[in-house]
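A short worksheet on the structure shown next.
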Amino acid sequence: MINVNYPSVSTALAIGGVELPNRIVFPAWQVNYANTDGTVSDKLTDFYTAIADGGCRLIFTGAATVSLDTVAFDRVMRIDYDECVPGLTKLFSAISSRGSVPGSQIVHYGRQKIGYNIGIRDTA
Ligand SMILES: Cc1cc2nc3c(=O)[nH]c(=O)nc-3n(C[C@H](O)[C@H](O)[C@H](O)COP(=O)(O)O)c2cc1C
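Note that this note's numbering numbers the sequence shown so that position 122 is 282, with each residue one more than the last.
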């Protein structure tokens, strides 16, 4: 549907080698819907597939941690060990299969990491 106030929102855009069918972007949101081990849950997949079904064509999945020492929140998504791969593959495939482009925000909170005491020494 064309938005009369913002007609270009509904038009395609090429960024580098990536073709976006429209310009509606979902920014990185950390929603803490992962499983307790940080792997992708059905709830997390359902969250992002609903956004894709709504017509968002560039979807950034929020705040996936890159190492155990920066897991600062319960149920944050992790990408730092092999067992994370099948869930991540399923998640990004689900987004792609709906015609949207997935992107991932990876994080290390450094000194800002808070409260989640797992007995691991800070590396930043
Ligand atoms: C629930 C929630 C979670 C968010 N998580 C992240 C995040 O993980 N990473 C990030 O860079 N920004 C995060 N943000 C900020 C959003 O990406 C975005 O900047 C915010 O929604 C404002 O969007 P706007 O600047 O387009 O108004 C979060 C925002 C909300 C409301």
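In this text, a Cβ means the ideal position worked out from N, Cα and C, and glycines have one as well.
If you're wondering where the values come from, they're calculated on a predicted model, not measured in any experiment.
Which residues DSSP lists as bridging residue i, in chain order
i    : result
P132 : Because the chain in this structure spans residues 161 to 284, residue 132 falls outside the shown range and cannot be described.
L180 : L173
A232 : Answer is none; A232 lacks a bridge partner.
F291 : Coverage of the chain is limited to positions 161 through 284, which leaves residue 291 absent and any answer about it impossible.
Contact test: residue i Cβ vs ligand 1 heavy atom, cutoff 6 Å
i    : result
P262 : no
G198 : no
A188 : yes
A223 : yes
Cβ-Cβ separation, residue j to residue i (assumed contact under 8 Å), whole Å
i    : j    : result
F220 : P187 : 6 Å
G198 : R238 : 3 Å
D234 : N192 : 6 Å
Original post:
Taking one C-beta from the segment 198 to 209 and one from the segment 170 to 180 each time, how about it: are there three or more such pairs within less than 8 Å?
Top reply: no
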